[in-house]
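>
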Amino acid sequence: MLIVEGLSVSYGPVQALQDVSLTVPPGQVTAVIGANGAGKSTLLRTLAGLVRPEAGRVTFNGDDITGWAPEDVVRSGIAMVPEGRSTIPELSVEENLRLGGLWRTQAQRNASEAKVFALFPILQERRHLRADTLSGGERQQLAIGRALMCGPQVLLLDEPSLGLAPLIVTQILELVRDRARETNLAVLLVEQNAVTALRVARTGMVLNLGRVVQQGPAAEIASDEQLRHAYLGY
Amino acid sequence: MGSFVDFFLGGVANGAVIALMALALVLVWRSTRVVNFAQVGQAMFTTFVGLSVLQLTGSWFVALAVAVIAGALLGLIVHVLVMRPVRRADSSGAIIATFGVLIALQSLAAMIWGGEPRSYPTPVEYVGLEIFGRVFPITPYDILVLVVTALLVAALAILLTKTKLGLSMRAAAFNPEVARLSGVRVSRMLAVGWVIAGMVGAVAGVLVAPTSTLSPNSFDIFLVFAFTAAVIGGLDSLVGAVAFGIGTGLVLSLVTGYSDASNAAIVALVLLGLNLWFKPDGVFSHHKARSV
Numbered sequence: 005m006l007i008v009e010g011l012s013v014s015y016g017p018v019q020a021l022q023d024v025s026l027t028v029p030p031g032q033v034t035a036v037i038g039a040n041g042a043g044k045s046t047l048l049r050t051l052a053g054l055v056r057p058e059a060g061r062v063t064f065n066g067d068d069i070t071g072w073a074p075e076d077v078v079r080s081g082i083a084m085v086p087e088g089r090s091t092i093p094e095l096s097v098e099e100n101l102r103l104g105g106l107w108r109t110q111a112q113r114n115a116s117e118a119k120v121f122a123l124f125p126i127l128q129e130r131r132h133l134r135a136d137t138l139s140g141g142e143r144q145q146l147a148i149g150r151a152l153m154c155g156p157q158v159l160l161l162d163e164p165s166l167g168l169a170p171l172i173v174t175q176i177l178e179l180v181r182d183r184a185r186e187t188n189l190a191v192l193l194v195e196q197n198a199v200t201a202l203r204v205a206r207t208g209m210v211l212n213l214g215r216v217v218q219q220g221p222a223a224e225i226a227s228d229e230q231l232r233h234a235y236l237g238y
Numbered sequence: 003m004g005s006f007v008d009f010f011l012g013g014v015a016n017g018a019v020i021a022l023m024a025l026a027l028v029l030v031w032r033s034t035r036v037v038n039f040a041q042v043g044q045a046m047f048t049t050f051v052g053l054s055v056l057q058l059t060g061s062w063f064v065a066l067a068v069a070v071i072a073g074a075l076l077g078l079i080v081h082v083l084v085m086r087p088v089r090r091a092d093s094s095g096a097i098i099a100t101f102g103v104l105i106a107l108q109s110l111a112a113m114i115w116g117g118e119p120r121s122y123p124t125p126v127e128y129v130g131l132e133i134f135g136r137v138f139p140i141t142p143y144d145i146l147v148l149v150v151t152a153l154l155v156a157a158l159a160i161l162l163t164k165t166k167l168g169l170s171m172r173a174a175a176f177n178p179e180v181a182r183l184s185g186v187r188v189s190r191m192l193a194v195g196w197v198i199a200g201m202v203g204a205v206a207g208v209l210v211a212p213t214s215t216l217s218p219n220s221f222d223i224f225l226v227f228a229f230t231a232a233v234i235g236g237l238d239s240l241v242g243a244v245a246f247g248i249g250t251g252l253v254l255s256l257v258t259g260y261s262d263a264s265n266a267a268i269v270a271l272v273l274l275g276l277n278l279w280f281k282p283d284g285v286f287s288h289h290k291a292r293s294v
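Line by line, the protein sequences give chains A and B.
All residue numbers for the first sequence refer to the numbering used here, where the first residue is 5 and numbers rise by one.
All residue numbers for the second sequence refer to the numbering used here, where the first residue is 3 and numbers rise by one.
See the structure below:
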């Protein structure tokens with residue numbers, strides 16, 4: 005289980021996260037929502053090892069992984085899909101997928117690839133094409149597929165809805181949620197689009213200016229009108 | 003017309019070596035976004051190492067192998083001792099550092115082997131082939147150069163496109179963050195890029211040495227040609243480096259043939275200028291794909 009305790013991050017004089025604690029349980033989606041600049045992406049980037057925290061502790065399956073480099077974090081079982089459909093356009097679809105988890109055995113990689121193709125059949129169909137020929141939704145599937153190729157126990161998803169049609173986002177996120185249930189995967193979803201995120205999540209957390217303002221069951225957060233007006237802007 | 007064919011043929015082997023040196027520049031650029039102006043210095047140094055081994059063992063091919071190993075080591079040394087420490091500086095700092103390495107290597111070579119130009123022998127004849135009573139300006143040595151170049155380019159292509167290491171290197175070059183998140187040890191890939199570039203440059207140095215002379219500064223002009231080819235090719239395109247390396251060799255051969263050898267460098271710079279004016283991203287650049 006991924007446990008975050010009292011995490012604080014600052015970029016120079018700017019405090020991006022302050023004393024954030026959360027637990028990401030397996031088999032379900034946990035949503036982190038909040039306005040632009042609330043510190044959501046910083047939280048994910050810190051968990052993935054891209055940003056070093058100033059204070060706090062991140063433990064995963066009992067190991068203290070605070071401050072680990074991204075390539076070690078992903079080996080420990082935490083894979084991140086960064087913001088903006090982070091595929092590599094110069095590589096083919098298959099190469100983008102195969103990039104995930106190169107350190108694993110061939111058998112493990114083949115098994116993961118079969119599972120990704122079962123989850124996102126379009127990727128198998130297009131596997132020899134360059135990634136930049138894919139549509140936005142397909143590229144997001146590819147980015148998630150690459151993360152799943154790392155054989156993660158925890159999947160960190162950063163703003164998957166960015167620039168995609170709402171219907172496609174819902175479809176992809178429902179697939180991810182079902183996959184989390186079936187394979188006991190823990191998903192930490194960061195979203196500006198609170199409605200969509202809270203629909204697939206079981207628990208949620210609202211961030212505002214780097215601080216946790218609310219934490220609890222997703223349904224409760226979704227129905228809290230005051231919270232919505234104050235922090236989520238709808 | 004006969005002379006045109008001669009100049010053309012004469013340029014191919016020269017172009018192949020320029021292509022190799024351009025490849026070395028591109029390999030470093032792709033992984034570190036630094037134009038390694040020390041590349042010809044490294045090649046010069048390892049060619050001197052090769053020459054020493056050649057005099058010791060008498061075997062041209064053993065000398066080539068030792069030069070390649072020296073090229074790998076020197077690439078690693080430059081990366082670890084110079085480039086990694088300056089990485090935190092801005093990119094112009096890194097580029098200036100490569101000039102520093104170039105000057106240091108030239109001085110060191112002059113101290114060890116002296117400044118006198120030496121000749122580097124060939125393993126096969128270096129006289130024009132006679133076919134049907136006509137002497138063509140393509141020699142058995144040129145053919146050896148072409149074969150070695152073709153084999154090396156093919157090996158590089160297989161390494162980069164068919165192996166895990168190659169995939170890691172390409173991913174690290176195109177998008178370091180995504181590569182790291184996927185588990186690629188990007189800093190190690192940078193070192194691998196310097197090592198492979200050092201090896202390719204070492205081959206280029208040994209191959210070109212017999213066609214001119216070897217002295218601490220004799221490869222400097224070679225840098226102009228290789229840089230031109232690499233930039234016109236798009237700096238991050240291996241295909242572009244090879245294509246325009248050979249193309250540059252052909253153009254230079256024609257210029258040398260129809261006017262004078264001293265014009266070759268000027269023409270190379272004019273080509274570079276035209277390219278930067280009309281197509282600054284280079285002909286084979288991936289830049290378009292990236293901006294999508």
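We put the beta carbon where it would ideally sit given N, CA and C, even for glycine.
All values reported here derive from a predicted model rather than from experimental measurement.
Below 8 Å, how does it come out for the region 13-23 of chain B and the region 247-261 of chain B: are there three or more Cβ pairs, yes or no?
yes
> Would the beta-carbon of residue 104 of chain B fall within 7 Å of that of residue 45 of chain B?
no
> Using a cut-off of 7 Å between C-beta atoms, extract the partners of residue 75 of chain A located in chain B.
182, 185, 186 and 187
> Please state the DSSP three-state secondary structure of residue 5 of chain A.
coil
> Taking the beta carbon of residue 276 of chain B as the centre, do at least 16 other beta carbons fall within 10 Å, making it buried, or is it exposed?
exposed
> Counting only Cβ-Cβ distances shorter than 8 Å, please list the residues of the region 166-182 of chain B near chain A, keeping chain order.
166, 169, 170, 172, 173, 176, 177, 179, 180, 181 and 182
> For residue 193 of chain A and residue 161 of chain A, what's the separation of their Cα atoms in angstroms?
5 Å
> Would you mind reading off the limits of the beta strand (DSSP E) that contains residue 25 of chain A?
18-28
> Considering only residues of the same chain and omitting the five flanking positions on each side of residue 5 of chain A, which have a CB-CB separation below 8 Å?
Only residues of its own chain outside the window of five on either side were considered, and among them 27, 28, 29, 30, 64, 65 and 190 have a CB closer than 8 Å to the CB of residue 5 of chain A, listed in chain order.
> Which of the three DSSP states, helix, strand or coil, is assigned to residue 36 of chain A?
strand
> Assign residue 128 of chain A to one of three DSSP states: helix, strand, or coil.
helix
> Hey, quick one: how far does the beta strand (DSSP E) through residue 215 of chain A stretch, first residue to last?
Residue 215 of chain A -> beta strand (DSSP E) spans 215-221.
> Name, going along the chain, the residues of the region 107-131 of chain A whose beta-carbon falls closer than 7 Å to a beta-carbon of chain B.
107
> Verify the CB distance criterion: does residue 89 of chain A have a CB-CB separation below 7 Å to chain B?
no
> Using C-beta distances below 8 Å, list every residue in its chain close to residue 258 of chain B, excluding the 5 sequence neighbours before and after it, in chain order.
9, 265 and 266
> Would residue 104 of chain A pass as an interface residue toward chain B - the criterion being a Cβ-Cβ separation below 7 Å?
yes
> How big is the Cα-Cα spacing for residue 94 of chain B and residue 122 of chain A?
When rounded, the distance between both Cα atoms is 48 Å.
> Under 7 Å between C-beta atoms, does residue 194 of chain A make it to chain B?
So, not an interface residue.
> For my contact list, residue 93 of chain A and residue 136 of chain A are in at a C-beta cut-off of 8 Å; report their separation, rounded to the angstrom.
4 Å
> Let me know the secondary structure DSSP gives residue 219 of chain B once reduced to three states.
coil
> First and last residue of the alpha helix (DSSP H) that includes residue 49 of chain B?
41-59
> Interface residues of chain B around residue 241 of chain A at Cβ under 9 Å?
Here chain A covers residues 5 to 238 and nothing more, so residue 241 of chain A does not appear.
> Residue 156 of chain A to residue 116 of chain A, Cα distance in whole Å?
Straight-line spacing of the CA atoms in residue 156 of chain A and residue 116 of chain A works out to 10 Å.
> Counting along the chain, where does the alpha helix (DSSP H) carrying residue 207 of chain A start and finish?
First-last for residue 207 of chain A: 207-212, but that is the beta strand (DSSP E), not the alpha helix (DSSP H).
> So, is the C-beta of residue 94 of chain A closer than 7 Å to a C-beta in chain B?
yes
> Is there a Cβ from chain B that is less than 7 Å from the Cβ of residue 9 of chain A?
no
> Touch check for the region 45-56 of chain B and the region 104-118 of chain B: three-plus C-beta pairs under 8 Å?
yes
> Quick one: measure Cβ to Cβ for residue 158 of chain B and residue 240 of chain B, integer angstroms, because I've assumed they're closer than 8 Å.
7 Å
> Taking the Cβ atom as the reference point for each residue, do residue 210 of chain A and residue 69 of chain A lie within a distance shorter than 7 Å?
no
> Under 7 Å Cβ to Cβ from residue 49 of chain A, same chain only, skipping five residues before and after it: list those, please.
Correct list, in chain order: 55.
> Let me know if residue 136 of chain B comes out buried or exposed under the rule of 16 or more other beta-carbons within 10 Å of its beta-carbon.
exposed
> Closer than 7 Å, CB to CB, is residue 79 of chain A near chain B or not?
yes
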